[in-house]
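Numbering (this note's numbering), first residue to last: 14 to 220.
Even for Gly, the Cβ is constructed at its ideal location relative to N, Cα and C.
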Amino acid sequence: LTVIGDTPLSRALSVLAPRLGLPTLVIAHDADALQFPDAQELLRDDQDIPEAFKAVAHQGFVIVATQGKRDMQGLRASLAIQARHRFFVASERKAQVLKAALIQAGEDASLVEAIIAPAGQPIGAQTPQEIALSVLAAVVSLKSSAGASPCEGKSTYLSDTACQPKTSKVPEGVSCKSRPSESPEEKTFKKNFVEQQVLNQKSCCDA
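What follows is the structure, given as structure tokens:
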């Protein structure tokens, strides 16, 4: 998980996310490292993202939690990372305005339009901690649904055969609709058993 911004919300996210098993990287321009003690790594420049940082953040989730402080820079930083999903914590109207500005500035329209905003589950969150919980709930939901089945939303690296249903090999001479035929020995045993049961019942009744 990558959190972008130097705000009360970004700090709350950097504290809560690791407790949910989400190692957290932070991009916070000119931030005090002491404000993000739980971050796995802190990048203090939101305009020049090193390749090594991008490699660690690759295919993860990105949350832009700038809250009015360097919003455009934070959104551009999120687009510089090949993320699985990007979230922007903002109102729908604000998100639309900034998305339009990004596209007009030459950013990839498909990536910009895919940014999830408003972000978070509708739990009536008010405080930074509650909003952090709401957004992380959305992250966990997407993460869980993505991992529900290896063949659901199959990636290109999965071969077609990997997603074929597994079938058990049917023994030769056995069909799926019938049981194996009985051997002569089994038939003789069954006949003798039935005859013995009849004799026993007759003997009981005669007595």
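Candidates the options: closest to residue i by CA position
i      : options                        : result
Arg83  : Leu33, Glu64, Ala30, Ala103    : Ala103
Leu149 : Arg99, Ser91, Ala113           : Arg99
Glu126 : Leu92, Asp61, Val153           : Leu92
Leu14  : Lys67, Lys112, Ile136          : Lys67
Gly73  : Asp59, Ile94, Asp58            : Ile94
Arg89  : Asp61, Arg106, Val110          : Asp61
Asp19  : Lys112, Ile40, Ala151          : Ile40
Ile128 : Ala108, Pro135, Ile136, Glu143 : Ala108
Cα-Cα separation, residue i to residue j
i      : j      : result
Pro163 : Leu155 : The pLDDT assigned to Pro163 is 36, lower than 50, so where the model puts this residue is not dependable; a value taken from the coordinates is nonetheless given after this. Looking at the two C-alpha atoms, the distance is approximately 14 Å.
Ser158 : Gln86  : 30 Å
Pro50  : Leu29  : 12 Å
Leu124 : Val16  : 18 Å
Leu115 : Ser147 : 26 Å
Leu26  : Val77  : 11 Å
Pro141 : Ser23  : 8 Å
Lys179 : Leu38  : Unreliable positioning characterises Lys179 in this predicted model, as indicated by a pLDDT of 41, which lies under 50. The coordinate reading is nonetheless provided below. Answer to the nearest angstrom: the Cα atoms are 40 Å apart.
Gln53  : Pro31  : 9 Å
Ala130 : Arg97  : 15 Å
Ala145 : Val153 : 12 Å
Ala133 : Thr79  : The sequence as given places Gly at residue 133; Ala does not occur at that position. For Gly133 and Thr79, the distance between alpha carbons rounds to 15 Å.
Leu111 : Ala70  : 23 Å
Phe101 : Gln139 : 16 Å
Glu64  : Leu35  : 21 Å
Gly7   : Glu143 : Look at the range of the chain in this structure, 14 to 220, and you will see that residue 7 is not part of it.
Ala151 : Gly81  : 22 Å
Arg106 : Arg57  : 29 Å
Pro21  : Ala113 : 27 Å
For residue i: DSSP bridge partner residues
i     : result
Thr15 : Leu38, Val75
Arg24 : Answer is none; Arg24 lacks a bridge partner.
Arg32 : Partner(s): none; Arg32 has no beta bridge.
Arg99 : Val75
Any chance you could list the alpha helix (DSSP H) runs of at least 4 consecutive residues sitting entirely within the region 105-138, in chain order? 105-117, 122-126
Counting pairs of Cβ atoms below 8 Å between the region 117-135 and the region 33-52, do you hit three or more? Verdict: no, contact absent.
Please give me, in chain order, every unbroken run of the alpha helix (DSSP H) with length at least 4 that falls completely inside the region 46-85. The region 46-85 is shown to contain whole alpha helix (DSSP H) runs of 4 or more residues at 64-70, in chain order.
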